[in-house]
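Taking it in order: structure first as structure tokens, then the write-up.
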Amino acid sequence: MNEQPSTGTDKLIRGALILVMGAALTVGTWSIYTLLTGKFGAPEEVAVFGAGMFDIAALFFALLSQRYAASPDSGLAPRLAMFAMVSTSAWVNWTHAQMEHWGLVGGVILSAAPIIAELSFEMWHRYEHREALRQQGRVSTALPVIPGLAWMLFLTKSWSVMRKSVGARLTVIENEAQRAASSDDAHHLQRVTAPRHAVTAEADGDAQHIVITLQQPHAITASPASRQSAAAHDAPNVVARQRRDTAPRVITVPRLEAADAPVADAGESLPDADFAAMSKAEAVRVMREALPDASARQIAEALAPHGITADAAYVRTVLSRDAQKNPQQGTGGYL
427 MNEQPSTGTD
437 KLIRGALILV
447 MGAALTVGTW
457 SIYTLLTGKF
467 GAPEEVAVFG
477 AGMFDIAALF
487 FALLSQRYAA
497 SPDSGLAPRL
507 AMFAMVSTSA
517 WVNWTHAQME
527 HWGLVGGVIL
537 SAAPIIAELS
547 FEMWHRYEHR
557 EALRQQGRVS
567 TALPVIPGLA
577 WMLFLTKSWS
587 VMRKSVGARL
597 TVIENEAQRA
607 ASSDDAHHLQ
617 RVTAPRHAVT
627 AEADGDAQHI
637 VITLQQPHAI
647 TASPASRQSA
657 AAHDAPNVVA
667 RQRRDTAPRV
677 ITVPRLEAAD
687 APVADAGESL
697 PDADFAAMSK
707 AEAVRVMREA
717 LPDASARQIA
727 EALAPHGITA
737 DAAYVRTVLS
747 RDAQKNPQQG
757 TGGYL
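Residue numbers (the numbering used here): 427 to 761.
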């Protein structure tokens, strides 16, 4: 029931647009056609195409600029081209009126024809485009409308209300930008600190054997979807190439009884350690030397009494980077 009036109104607007553009383009194309055939002696076939050359090009650039408006790219170039075509068409029509000695009134009538046609199309298309964006939820709510009488009687209060409204809108935009930046930073950190080696653990008695095999570069930088696709098609070739080019390194380390096993006191191993003068990364390295069998979480807990706040992820990052700088000293990764 509510859509019927809207549909009728839309049809009425489109009908009025067709009439306005038809009348304006008729005047403009007649002017150029007459100028080409009467003053310059151009063939009629050429004059037919030349009559609508500027206006048709302007319509094309207007449509293209509206397409750019729905994308993150700039639509300045097609919009400038549209203005150039409209301006050229208006100037040619004005010149034709002066050559026919029709005076100022004749010049205004002929030169206004392409301008009216392009403005009518631009206003209609802009309205349609904004309605489409509003239905997609991409148009922000309008600012409060303060009547002119309120501005006259309560200027300070009106200004304060408008200022607070704009400030609230900017706060929302700032929060969205910060969330987007935080998401990008987290993704970058996860990609940088991701393990660069495949680690396989096998238990054998009181010792634990860790087999480390270097991964191919695409396995580190590729997206999860591409890694799954590559694994499904190229898994035999990748495994064969790894076995042929990179010999696995087997390292034996003491086996902890449980993940939550207590850490031995490192106080006796650190008689000269001044954690207050160290950076957080240096403190992690010192504690790792004192507790070679501790996990990343246990090292982080051992640093806490010394005033060093670090989590397990940070400890893994520091030790992994040290292992990459000195591959002969480490396993290439830290669990």
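Where is the CB? At the ideal position from N, CA and C, for every residue including glycine.
Small disclaimer: the values here were computed from a predicted structure and weren't measured.
### Task
Could you tell me which of A483, T521, M525 sits nearest to L506, measuring between CA atoms?
Out of A483, T521, M525, A483 has the C-alpha closest to the C-alpha of L506.
### Query
From the beta carbon of R595, is the nearest beta carbon of chain E less than 8 Å away?
Among the chains in the structure shown there is no chain E, since it carries only a single protein chain.
### Same chain, Cβ closer than 6 Å to L682, neighbours up to 5 away in sequence not counted
Residue confidence for L682 is low, a pLDDT of 46 falling below 50, so the modelled location carries little weight; the figure read from the coordinates is stated next. For L682, where only same-chain residues beyond five positions count, there are no Cβ hits under 6 Å.
### Task
Look at the alpha carbon of S513 and the alpha carbon of M549, and state the distance between them as a whole number of angstroms.
Approximately 18 Å between the Cα atoms of the pair.
### Task
For F480, count neighbouring Cβ atoms within 10 angstroms of its own Cβ and tell me buried if that reaches 16, exposed if not.
Answer is buried; the Cβ neighbour count reaches 16.
### Task
Return the chain-ordered list of same chain residues with a C-beta closer than 6 Å to the C-beta of D737, the five sequence neighbours on each side being excluded.
Excluding residues within five positions, the ones whose Cβ falls inside 6 Å are A726.
### Query
Beta-carbon separation of A543 and L451 under 8 Å?
The Cβ atoms of A543 and L451 lie closer than 8 Å to each other.
### Task
Could you check how far apart the C-beta atoms of L462 and G476 are, in whole angstroms? I think they sit under 8 Å.
Cβ atoms of L462 and G476 come within 8 Å of each other, at about 5 Å.
### Message
With H, G and I counted as helix, E and B as strand and the rest as coil, what does DSSP make of F580?
### Response
In the structure shown, F580 adopts coil according to DSSP, grouped into three states.
### Task
With a cut-off of 8 Å on the beta carbons, I'd call F547 and M447 a contact; round off their distance for me.
The beta-carbon distance between F547 and M447, rounded to whole angstroms, is 6 Å. This is short enough to meet the 8 Å contact definition.
### Query
Buried or exposed: where does N601 fall if 16 or more other Cβ atoms within 10 Å of its Cβ makes it buried?
Here N601 is exposed, its C-beta having fewer than 16 other C-beta atoms within 10 Å.
### Message
Taking its Cβ as the centre, do 16 or more other Cβ atoms sit within 10 Å of L485, making it buried, or is it exposed?
### Response
L485 should be labelled buried.
### Start-to-end residues for the alpha helix (DSSP H) that takes in K706
Unbroken alpha helix (DSSP H) run through K706: 706-716.
### Message
With H, G and I counted as helix, E and B as strand and the rest as coil, what does DSSP make of A607?
### Response
A607 falls in the helix class under three-state DSSP.
### Message
Just to check my reading of the structure: I458 and V518 have Cβ atoms closer than 8 Å, yes? What is that Cβ distance to the nearest angstrom?
### Response
That pair is a contact at about 6 Å.
### Task
Find the nearest neighbour of I535 within the set V710, W456, A709, judged by alpha-carbon distance.
When only C-alpha atoms are compared, the closest one is W456.
### Task
Quick one: measure Cβ to Cβ for G478 and S491, integer angstroms, because I've assumed they're closer than 8 Å.
So it is not a contact: roughly 19 Å between Cβ atoms.
### Query
Which parts of the segment 523-563 are runs of the alpha helix (DSSP H), unbroken and 4 residues or longer, counting only runs that do not cross its ends?
Fully enclosed alpha helix (DSSP H) runs of no fewer than 4 residues occupy 529-561 of the segment 523-563, in order along the chain.
### Whether A728 touches V741 by CB criterion (8 Å)
Against a cut-off of 8 Å, the Cβ pair of V741 and A728 comes out as no contact.
#### Entry: Inter-residue Cα distance where the pair is I444 and K437
Their backbone Cα atoms lie some 11 Å apart in a straight line.
### Task
Could you work out which residue in Q750, A702, S746 is closest to A730 when comparing CA atoms only?
Answer by Cα proximity: A702.
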